[in-house]
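Below: one structure, written as structure tokens.
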Amino acid sequence: MIAGLCADCMDKNEKSTEESLDELEALLETAGGEVLARALQLRSAPDPRSFIGAGKVKELKELISANECTLAVFDNELSPSQTRVLGDELGVRVIDRSALILDIFAQRAQTREGRLQVELAQYKYLLPRLTGMWTHLERQGGTGSPIGIRGPGETQLETDRRHIRRKISKLEEELGEVRRVRSTQRRRREKNGVPVVALVGYTNAGKSTLLNKLTGAGIQANDRLFDTLDTTTRRLRIDASTEVLISDTVGFIRKLPHHLVEAFKATLEELSYADLLIHVIDASDPEWEMQAEVVDSLIRPLGAENTPRLEVFNKSDLYADHRIPSGENVVRVSALTGEGTDALLKKIAKILDSGKKRVTLRLPYSQAGMLDSLHRDAEVLEVNYLDDSIEVSAVVRQELYGRLRYYIQK
Numbered sequence: 000m001i002a003g004l005c006a007d008c009m010d011k012n013e014k015s016t017e018e019s020l021d022e023l024e025a026l027l028e029t030a031g032g033e034v035l036a037r038a039l040q041l042r043s044a045p046d047p048r049s050f051i052g053a054g055k056v057k058e059l060k061e062l063i064s065a066n067e068c069t070l071a072v073f074d075n076e077l078s079p080s081q082t083r084v085l086g087d088e089l090g091v092r093v094i095d096r097s098a099l100i101l102d103i104f105a106q107r108a109q110t111r112e113g114r115l116q117v118e119l120a121q122y123k124y125l126l127p128r129l130t131g132m133w134t135h136l137e138r139q140g141g142t143g144s145p146i147g148i149r150g151p152g153e154t155q156l157e158t159d160r161r162h163i164r165r166k167i168s169k170l171e172e173e174l175g176e177v178r179r180v181r182s183t184q185r186r187r188r189e190k191n192g193v194p195v196v197a198l199v200g201y202t203n204a205g206k207s208t209l210l211n212k213l214t215g216a217g218i219q220a221n222d223r224l225f226d227t228l229d230t231t232t233r234r235l236r237i238d239a240s241t242e243v244l245i246s247d248t249v250g251f252i253r254k255l256p257h258h259l260v261e262a263f264k265a266t267l268e269e270l271s272y273a274d275l276l277i278h279v280i281d282a283s284d285p286e287w288e289m290q291a292e293v294v295d296s297l298i299r300p301l302g303a304e305n306t307p308r309l310e311v312f313n314k315s316d317l318y319a320d321h322r323i324p325s326g327e328n329v330v331r332v333s334a335l336t337g338e339g340t341d342a343l344l345k346k347i348a349k350i351l352d353s354g355k356k357r358v359t360l361r362l363p364y365s366q367a368g369m370l371d372s373l374h375r376d377a378e379v380l381e382v383n384y385l386d387d388s389i390e391v392s393a394v395v396r397q398e399l400y401g402r403l404r405y406y407i408q409k
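The structure is reproduced here in structure tokens:
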């Protein structure tokens, strides 16, 4: 069963609503569970002991018994003691939204980096919850474990807190190495002058489908939450003179566990180095405005709030035009049918072209190899072979302009 609390003292993003319970139900189904009952409580403040109070506990216990539920999932984050109290009094295992999301991530992570990130988030989440949750080390198979406790880390979890902290430290060191590798790759991209475009958006907004449509990436794209965890990057030819690297990223969701955001920082910090963000919005969802706000709120602390951005309203085959705001950096597309993708490419080119310059270069024949680079990384307009040099007229990006300034004719 699923349950949520809407209290007057809660921040609006923490409160449960019928819409957030709908999303919680979809999350539980994504994890392999089935919702048999649901409840939403309105009260002035959470109960310190049981979160929902004695009367609601009794009501939920009867609901659980009547529907033969084996798991209770709370939409709000529970303290370790509240989780233990609810588990004892309801007679079933109790997890909160954060544990459920961590479980889904544990199922979906495919790469070594993804597994490291999920494992780190799981350990940080479980560390304060050890008392009463783990009495001994159980070696359980990942796919057969109950929802909320499976994943890369469950076979190594021990009740010794010092061991858990050592493991957390080791994982952070490994992810630090991942960040160093990413930094090296980033410097190489900057040296080569290849712009980076990052797809961001709420989970299931259609980012992977859009990447497939634009690049033929062949990523499996299903209509389910958190279908993509591991970043995929592909080259995309925008026009005759512009090629970019375009990356899919993990989807955001409301009440995303902060341990998970922190663990995925090595991946998400790439957003702050992108030349352009494409914010994919599922405008067929009645909650798209809230979802867009969630994405914006998570982008800000990552340092990407000033990065140029396109708002791409996806699934145009499923909604009416009047729902879309107008603006210079707004595009309407259907990633499924391809409608609007040509307009999207033109918008991308326009933003990336804003820093381009038309130049005339004089290359000595000893540097003739640079002509191949210009054909690859710039728009070559004309080439003349003179007695002592090669004269080239071209349109180049700002970063390439700086590298070629010695050869530019004033």
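Numbering (numbering that gives the first Met the number 0), first residue to last: 0 to 409. By construction, the Cβ of each residue, glycine as well, lies at the ideal position given by its N, Cα and C atoms.
Residue i versus residue j: straight-line alpha-carbon distance, rounded
i	j	result
F312	L259	27 Å
L270	E261	14 Å
E176	T214	30 Å
E17	G3	9 Å
Y124	E242	41 Å
L370	L275	28 Å
L85	G31	22 Å
L39	E88	18 Å
V394	Y272	24 Å
K14	I163	32 Å
A348	L101	38 Å
L209	K356	30 Å
R253	L343	27 Å
A53	E76	18 Å
E112	L174	7 Å
T232	E172	25 Å
F251	L297	8 Å
L99	R42	24 Å
R83	I323	46 Å
V382	S372	14 Å
T110	R181	15 Å
R185	A303	16 Å
G337	L23	31 Å
F225	E390	52 Å
E28	M0	11 Å
R107	I167	21 Å
A334	H374	31 Å
H257	L126	14 Å
I277	N12	24 Å
G368	T230	34 Å
Check: residue i C-beta below 7 Å from any heavy atom of the ligand NAD
i	result
Y405	Among the components modelled here there is no ligand, and therefore nothing to report on the ligand NAD.
Buried or exposed by the 16-neighbour rule on C-beta atoms within 10 Å, applied to residue i
i	result
C8	exposed
N346	First, the residue type needs correcting, since residue 346 is Lys and not Asn in the sequence shown. Looking at its Cβ environment, which holds 16 or more other Cβ atoms inside 10 Å, K346 is buried.
K314	buried
D10	exposed
D95	buried
N211	buried
I407	exposed
D21	exposed
N305	exposed
E310	buried
D238	exposed
R396	buried
G217	exposed
D341	exposed
Q81	buried
D247	buried
R187	exposed
T183	exposed
K206	buried
R308	buried
Contact check, residue i vs residue j, beta carbons under 8 Å
i	j	result
V199	V294	yes
A105	Q121	yes
D281	A204	yes
A36	N66	yes
I128	P194	Reading off the sequence shown, one finds Arg at residue 128, where the question assumed Ile. Not closer than 8 Å, so no.
Q290	Y364	no
V91	I51	no
A6	P45	yes
A377	L351	no
V332	G326	no
Distance between beta carbons of residue j and residue i, contact taken as under 8 Å
i	j	result
V93	A71	5 Å
V249	F263	6 Å
L119	L170	4 Å
S392	R361	Not a contact, Cβ separation roughly 11 Å.
R236	L244	That belief does not hold up - the Cβ atoms of R236 and L244 are roughly 11 Å apart, past 8 Å.
L267	L301	5 Å
Minimum Cβ-Cβ distance from residue i to chain C less than 8 Å
i	result
I323	Absent from the structure is chain C; it holds one protein chain and no more.
What are the complete beta strand (DSSP E) segments, minimum 3 residues, inside the region 79-109? 92-95
I'd like the ranges of any alpha helix (DSSP H) spanning at least 4 consecutive residues and lying wholly in the region 340-390. 340-352, 369-376
Segments assigned beta strand (DSSP E), at least 3 residues, entirely inside the region 173-207: 195-200
Give, in chain order, every unbroken run of the beta strand (DSSP E) that is at least 3 residues long and sits entirely within the region 275-328. 275-281, 308-313
Can you list, in chain order, the stretches of the beta strand (DSSP E) that have 3 or more residues and sit fully within the region 29-75? 37-42, 70-73
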